[in-house]
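J.: Protein chains in written order, with my numbering: chain U, 1 to 422; chain G, 423 to 844.
We treat Cβ as the ideally placed atom computed from N, Cα and C, and that holds for glycine.
Predicted model only: the values in this text are computed from it and were never measured.
Number of protein chains: 2
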Amino acid sequence: MRIDIDRDRLVETMKEQAEIGATDDGGLHRLTLSDADREVRDWFRDRMEAAGLSVRVDEMGNMFGRRPGADPDAGTVLLGSHLDSQPNGGIYDGPLGVIAALEFVRTLEDEGIETDHPIEVVNWTNEEGSRFQPAMMSSGVWAGEIPLEEAYDTTDADGIRFEDALEEIGYRGDVPAEPTREYDAALELHVEQGPYLEQEERDVGVVTGIVGLRWGEVTFTGQANHSGTTPMHYRSDALVAASDVIGQVRRIPGTLGERTVGTTGALEVEPGSINIVPETVRFTVDFRDPDDDVADEAIERVKAEVAAAADREGVDWEYERRMDAASVTFPDRCVDAVRSAAADLGYDARELVSGAGHDATYMASVCDTAMVFAVSEGGKSHTPEEYTSWDDCYAAANTLANAALDLAGVAERTTGGDDADV
Amino acid sequence: MRIDIDRDRLVETMKEQAEIGATDDGGLHRLTLSDADREVRDWFRDRMEAAGLSVRVDEMGNMFGRRPGADPDAGTVLLGSHLDSQPNGGIYDGPLGVIAALEFVRTLEDEGIETDHPIEVVNWTNEEGSRFQPAMMSSGVWAGEIPLEEAYDTTDADGIRFEDALEEIGYRGDVPAEPTREYDAALELHVEQGPYLEQEERDVGVVTGIVGLRWGEVTFTGQANHSGTTPMHYRSDALVAASDVIGQVRRIPGTLGERTVGTTGALEVEPGSINIVPETVRFTVDFRDPDDDVADEAIERVKAEVAAAADREGVDWEYERRMDAASVTFPDRCVDAVRSAAADLGYDARELVSGAGHDATYMASVCDTAMVFAVSEGGKSHTPEEYTSWDDCYAAANTLANAALDLAGVAERTTGGDDADV
Numbered sequence: 001m002r003i004d005i006d007r008d009r010l011v012e013t014m015k016e017q018a019e020i021g022a023t024d025d026g027g028l029h030r031l032t033l034s035d036a037d038r039e040v041r042d043w044f045r046d047r048m049e050a051a052g053l054s055v056r057v058d059e060m061g062n063m064f065g066r067r068p069g070a071d072p073d074a075g076t077v078l079l080g081s082h083l084d085s086q087p088n089g090g091i092y093d094g095p096l097g098v099i100a101a102l103e104f105v106r107t108l109e110d111e112g113i114e115t116d117h118p119i120e121v122v123n124w125t126n127e128e129g130s131r132f133q134p135a136m137m138s139s140g141v142w143a144g145e146i147p148l149e150e151a152y153d154t155t156d157a158d159g160i161r162f163e164d165a166l167e168e169i170g171y172r173g174d175v176p177a178e179p180t181r182e183y184d185a186a187l188e189l190h191v192e193q194g195p196y197l198e199q200e201e202r203d204v205g206v207v208t209g210i211v212g213l214r215w216g217e218v219t220f221t222g223q224a225n226h227s228g229t230t231p232m233h234y235r236s237d238a239l240v241a242a243s244d245v246i247g248q249v250r251r252i253p254g255t256l257g258e259r260t261v262g263t264t265g266a267l268e269v270e271p272g273s274i275n276i277v278p279e280t281v282r283f284t285v286d287f288r289d290p291d292d293d294v295a296d297e298a299i300e301r302v303k304a305e306v307a308a309a310a311d312r313e314g315v316d317w318e319y320e321r322r323m324d325a326a327s328v329t330f331p332d333r334c335v336d337a338v339r340s341a342a343a344d345l346g347y348d349a350r351e352l353v354s355g356a357g358h359d360a361t362y363m364a365s366v367c368d369t370a371m372v373f374a375v376s377e378g379g380k381s382h383t384p385e386e387y388t389s390w391d392d393c394y395a396a397a398n399t400l401a402n403a404a405l406d407l408a409g410v411a412e413r414t415t416g417g418d419d420a421d422v
Numbered sequence: 423m424r425i426d427i428d429r430d431r432l433v434e435t436m437k438e439q440a441e442i443g444a445t446d447d448g449g450l451h452r453l454t455l456s457d458a459d460r461e462v463r464d465w466f467r468d469r470m471e472a473a474g475l476s477v478r479v480d481e482m483g484n485m486f487g488r489r490p491g492a493d494p495d496a497g498t499v500l501l502g503s504h505l506d507s508q509p510n511g512g513i514y515d516g517p518l519g520v521i522a523a524l525e526f527v528r529t530l531e532d533e534g535i536e537t538d539h540p541i542e543v544v545n546w547t548n549e550e551g552s553r554f555q556p557a558m559m560s561s562g563v564w565a566g567e568i569p570l571e572e573a574y575d576t577t578d579a580d581g582i583r584f585e586d587a588l589e590e591i592g593y594r595g596d597v598p599a600e601p602t603r604e605y606d607a608a609l610e611l612h613v614e615q616g617p618y619l620e621q622e623e624r625d626v627g628v629v630t631g632i633v634g635l636r637w638g639e640v641t642f643t644g645q646a647n648h649s650g651t652t653p654m655h656y657r658s659d660a661l662v663a664a665s666d667v668i669g670q671v672r673r674i675p676g677t678l679g680e681r682t683v684g685t686t687g688a689l690e691v692e693p694g695s696i697n698i699v700p701e702t703v704r705f706t707v708d709f710r711d712p713d714d715d716v717a718d719e720a721i722e723r724v725k726a727e728v729a730a731a732a733d734r735e736g737v738d739w740e741y742e743r744r745m746d747a748a749s750v751t752f753p754d755r756c757v758d759a760v761r762s763a764a765a766d767l768g769y770d771a772r773e774l775v776s777g778a779g780h781d782a783t784y785m786a787s788v789c790d791t792a793m794v795f796a797v798s799e800g801g802k803s804h805t806p807e808e809y810t811s812w813d814d815c816y817a818a819a820n821t822l823a824n825a826a827l828d829l830a831g832v833a834e835r836t837t838g839g840d841d842a843d844v
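1. Name the two residues that bound the continuous beta strand (DSSP E) containing residue 541 of chain G.
2. Could you check which residue in U:379, U:385, U:355 and U:386 has the C-alpha nearest to that of residue 371 of chain U?
3. Going along chain G in order, which residues have a C-beta closer than 8 Å to the C-beta of residue 423 of chain U?
4. Any residues in the segment 558-569 of chain G with a beta carbon nearer than 9 Å to a beta carbon of chain U? Which ones, in chain order?
5. I'd like to know whether the C-beta atoms of residue 264 of chain U and residue 238 of chain U end up nearer to each other than 8 Å.
6. Which residues, in chain order, does the segment 167-195 of chain U contribute to contact with chain G at a C-beta distance below 7 Å?
7. Sort U:365, U:7 and U:60 by Cα distance to residue 171 of chain U and report the nearest one.
8. Taking the C-alpha atoms as reference points, what is the distance between residue 551 of chain G and residue 587 of chain G?
9. Quick check on the burial criterion: 16 or more other C-beta atoms within 10 angstroms. Buried or exposed for residue 380 of chain U?
10. Which residues, in chain order, does the segment 239-251 of chain U contribute to contact with chain G at a C-beta distance below 7 Å?
11. Nearest-angstrom Cα distance between residue 670 of chain G and residue 724 of chain G?
12. Just to confirm the assignment: which complete alpha helix (DSSP H) runs, minimum length 4, are found wholly within the segment 216-298 of chain U?
13. Whose C-beta lies closer than 7 Å to the C-beta of residue 274 of chain U among residues of the same chain, with five residues either side of it excluded?
14. Taking just the CA atoms, how far does residue 408 of chain U sit from residue 168 of chain U?
15. May I ask which residues mark the beginning and end of the alpha helix (DSSP H) holding residue 98 of chain U?
16. Which value, in whole angstroms, describes the spacing of the CA atoms of residue 8 of chain U and residue 175 of chain U?
17. Tell me the DSSP bridge mates of residue 324 of chain U?
18. Secondary structure at residue 418 of chain G, three-state DSSP: helix, strand or coil?
19. With DSSP as the reference, label residue 48 of chain U as helix, strand or coil.
20. Please report the straight-line C-alpha distance between residue 422 of chain U and residue 152 of chain U, rounded to a whole angstrom.
21. Would you kindly report the start and end of the unbroken alpha helix (DSSP H) that includes residue 361 of chain U?
22. Using CA coordinates, which residue listed in U:328, U:253, U:290 and U:221 is at the minimum distance from residue 311 of chain U?
23. So for residue 430 of chain G, helix, strand or coil by DSSP?
24. Spatial neighbours of residue 387 of chain U within its chain, please: CB distance less than 8 Å, with the 5 preceding and 5 following residues excluded, ordered by chain position.
25. Rounded to whole angstroms, what's the CA-CA distance from residue 4 of chain U to residue 66 of chain U? Just pull it up for me.
26. Is residue 134 of chain U close to chain G? Criterion is C-beta to C-beta, closer than 8 Å.
27. Kindly list, in the order they appear in chain U, the residues whose Cβ is closer than 7 Å to that of residue 695 of chain G.
28. Just to confirm the assignment, what range does the beta strand (DSSP E) spanning residue 76 of chain U have?
29. Whole angstroms are fine: how far does the CA of residue 208 of chain U sit from the CA of residue 291 of chain U?
30. Do three or more CB pairs link the segment 758-770 of chain G to the segment 816-830 of chain G at distances below 8 Å?
31. Using a Cβ-Cβ cut-off of 7 Å (strictly less than) and excluding sequence neighbours within five positions of residue 68 of chain U, which residues of its own chain qualify?
32. How many Å lie between residue 40 of chain U and residue 121 of chain U at the Cα?
33. Contact criterion: CB-CB distance below 8 Å. Does residue 288 of chain U meet it with respect to chain G?
34. Check this for me: beta carbons of residue 414 of chain U and residue 112 of chain U, under 8 Å apart or not?
35. Among U:94, U:217, U:318 and U:271, whose alpha-carbon lies nearest the alpha-carbon of residue 284 of chain U?
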């Protein structure tokens, strides 16, 4: 059995949420636990209640809207993403997955469909990690991977504690931040944030897993010296050593794997004056690959390059591990549900591994999980220029809805008719 | 005729000045036009007056102490450097040249020597350029190379105007900031700020000129993208392009000249986040060589590397010229005076070209000029660790004194005797 969500209502609801925290250039500035976040949460609570869901909020502010199932023994099917945004981000990253889950439940109501499994729609708190780090904080606490107290004590740039900010917007709930139900399966729809679907002119993405990630920080310490009076052969230039390594970070992926990526995104120079040879340079490395062994190998190679560059320049070096996240392979039954839904709907789907972390990473540690990707024009992400056409939003949301229906099982249909089938 | 300065008095006077603005670690924090600068100026005015000099202060706060000469037609011999310091700098950079000039005049008084030429001791305002830019500002105004109003309107990091700060410490004088006398010759003693003299175990440096300098700023603009979801071949990474160029800045000097130096001292990355491919990178280049053609060639080569790196990464580039300073070759008669003084005193001297700019750069545009360098241990500069032994201070100051005496000419000697000769 296939259902068809209401495209116009999906678009209208997406536009409604995009007004809360809207920026002048069509983007979204809705940092977690801000006034805009409170406002969108109030709005979303109303929308969930209007769809007949019973809403609960847990200690991390995660919002769950529950629709009961027919089978008292069946575990819950969990669907959702996040409503917070990056600073000056786009309107699709997060909200599309939450609104699509809501739209699925609305469609079940329209169609009078009772599912075997209970269904929950979720809005995870602080997925972005731009105000409070780390990213995916609250699905991480819920999954038992991040201690609650550690999350509560995190502070933003102004020194405000996460717990206090959560209290301030009135979204510190009483429900424990843990799986308080038995969860059978989970699905998250998210924008791709990469170019593959658009480049191959696909309709929708079937996500088979999430890449392994390795984050580190390199520090080179040389000798600050006058740029005019210090001969080249007397120098220990920390920035020259860093440059050597950054060139290798660019090259290492091409020697390892088709999907390996490596990035130096941040770099700081001290003392940072035009006429002083750099003494200290700190920079980040970020390597990812679907295969954890490849990600590990990339880090080993970059460390070897760090040591070699330090030798050449006569500088000291340190490598600090910042984060390791193992790759995730989604189980077949959930990936199959997404794959079949897309195929049955006639969409041209591509299977891919997510290069970014998502709340689905943590959901997958609790129950069988998969993801649906919507096309991202030009792969643009974390910018107001982020764009997914309404057609692509609809295709992804419809895929999510039908995959979710597959996982939740149809117990009874009281209204509607064949014309709702696709 | 040779004279011998008072080593103990030189050391004592150096120690006195070093107490004004002293830091806990033995360095000096005496930013231009600060309270510490006022204090050292008051102290120095007293010392000059006690040495029989008539003091005048010009519109830029430059302090001149004049000792008349016997020949009414003879131009003035100008001697000095600066008393301001870098933030947390050393106690020798600047003050040694000013105190050595004072000590020369004191020795003339002790020895009852009247010179043919008038002598002036000078303390130039704001040589360092760390609070108000550019460096060597006030000798630059005096030489007519920097407009007075432009200097006055310069502001520090707190938005305070140079002119107001000068007024505030009471050192905005009435004398025009220009050569109000005829100047015949000038000498500046300064610490080397480089390693050559110490490495070759020399006593003193005979400076034959100042290198040509080229400063520029490169901007690469690529595309900010998600570090996890953007395949390597879709990237336009501004930091990778910058790294390519920085490696070349390290290599170009070795292809051009023995004395060529090239440095990237400052670099900024935007947005500068671990998981975002860098969109914009700005960095500086600083090339110097005694030969201006070589310095120009270095800039041409780096621009070619900038264009090539931009092509490889698919980023846009801009090159902005920040400063060009032509090299200075000191005239033989002044260099000979320094060379002969060092030789007659039995010092093992090395001739070198200054890799740093000095007030002597501007003095040289007004009259024949040369410099004396004192040994810098390890070449350390702009740090509290800057060090020149008292023996090396004495050797350089004595060289300055005898070179100055040579240029000023002895008209009459009324006291002292042969025992003052070396």
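T.: Taking the geometry as given:
1. 541-546
2. U:355
3. Because chain U spans 1 through 422 in this model, residue 423 of chain U falls outside it and cannot be assessed.
4. none
5. no
6. 192, 193, 194 and 195
7. U:60
8. 14 Å
9. buried
10. 239, 240, 243, 244, 246, 247 and 250
11. 7 Å
12. 238-256
13. none
14. 36 Å
15. 95-111
16. 34 Å
17. U:214
18. No statement about residue 418 of chain G is possible, as the shown extent of chain G runs from 423 to 844 and does not include it.
19. helix
20. Only weak support exists for where residue 422 of chain U lies, its pLDDT of 44 falling under 50; the value from the coordinates is given anyway. Distance between the alpha carbons of residue 422 of chain U and residue 152 of chain U is about 46 Å.
21. 359-363
22. U:221
23. helix
24. 90, 92, 376, 377, 378 and 380
25. 21 Å
26. no
27. 265 and 266
28. 76-82
29. 13 Å
30. yes
31. 118
32. 15 Å
33. yes
34. yes
35. U:217
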